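Heads up: take any position in the sequence shown, counting from 1, add 566, and you land on my numbering.
For reference, the structure is listed below as structure tokens.
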Amino acid sequence: MSAVMRGELRRYRESRAFNYALAFSVLLHALLLFGLPGSRDAKRPSIAPSLITARLVQPQALPAAPAVAPPAPVARPALRPAPQLEPAAPLAPSSPASPAASAESTPAAPAPGAEAEPEAGPVAPSAEPAAEAGSVDQYRLQLISAAKRYKRYPRVAVDNNWEGDVVVRMAIGADGMIASVSVKAGSGHEVLDSQAVEMFRRAKPLVPIPSALLGKEFILELRAIYNLMVDATENRALIR
């Protein structure tokens, strides 16, 4: 074998040895870094979980209210015994009153022949006004009932749709005849007012005057209502 080939073979062997040594060194470092678990755990810092502690704290007691001192008793003044009164000297017996003074102080008795007048009692109210008022009301109702046969709704009022209430004032004289008759409250339509006056005037002779009103003057107020809706069937006025 020539010297050149021996030199090449020697370099090749040295190069293989170097490569083996280098590979072994890398493998050893890798085992030291990653192969041993203890070494990795040792390098990691241990973090212990923090413990949470709780405790109950009693509330602070409120300061006690200051004690109120009871009011001092009021000193009452000592009662002094009432002074004893000396007995009064006996009075001298008074002289008897004169007979004249006794006669003045004693009220005079009524004479035996005189009688006390009785006190006038309350006078009972007369029942005549009430009786007259009742008779007037009765006569007014009878006159209204008799006037129903004379009630009419004027044609001109029907054509113009006129309506209204009429209050007729009738004065009766002491002779029982009509003293006066007039419209106290009109309907606003003269034809309705005139028909109401005529209606009651014609009914007056049909109703006799009550005995309680004979020879007396009195006044009647009579009312007639003219309404087309109410009187459409009969075409007459409603009287009350």
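Every residue gets a Cβ at the ideal spot worked out from N, C-alpha and C, and that includes glycine.
Fair warning: this is a prediction, and the values are worked out from it, not measured in the lab.
Using the C-alpha atoms, what's the distance from Leu599 back to Thr619?
Residue confidence for Thr619 is low, a pLDDT of 47 falling below 50, so the modelled location carries little weight; the figure read from the coordinates is stated next. C-alpha of Thr619 to C-alpha of Leu599: approximately 40 Å in a straight line.
Sort Val592, Tyr705, Val722 by Cα distance to Pro771 and report the nearest one.
Minimum Cα distance to Pro771 is reached at Tyr705.
How long is the line joining the alpha carbons of Arg789 and Ala737, rounded to whole angstroms?
If you take the alpha carbons of Arg789 and Ala737, they lie about 14 Å apart.
What are the start and end residues of each continuous alpha helix (DSSP H) run of 4 or more residues lying completely inside the region 689–769, in chain order?
Listed in chain order, they are 694–713, 721–725, 756–769.
Near Val747, what residues of its chain come up, given a Cβ to Cβ distance below 8 Å and the 5 sequence neighbours on each side ignored?
Around Val747, the same chain offers Val734, Arg735, Met736, Ala737, Val763, Phe766, Arg767 as residues with beta carbons nearer than 8 Å, after the five sequence neighbours per side are excluded.
Could you give the distance in angstroms between the alpha-carbon of Pro684 and the alpha-carbon of Glu783?
Residue confidence for Pro684 is low, a pLDDT of 44 falling below 50, so the modelled location carries little weight; the figure read from the coordinates is stated next. Cα to Cα, Pro684 sits roughly 39 Å from Glu783.
What are the residues that DSSP puts in a beta bridge with Leu788?
Val734.
Proximity winner among Ala778, Ala769, Tyr792, relative to Ala740 (alpha-carbon distances):
Residue nearest to Ala740 within the set Ala778, Ala769, Tyr792 is Ala778 (criterion: CA-CA distance).
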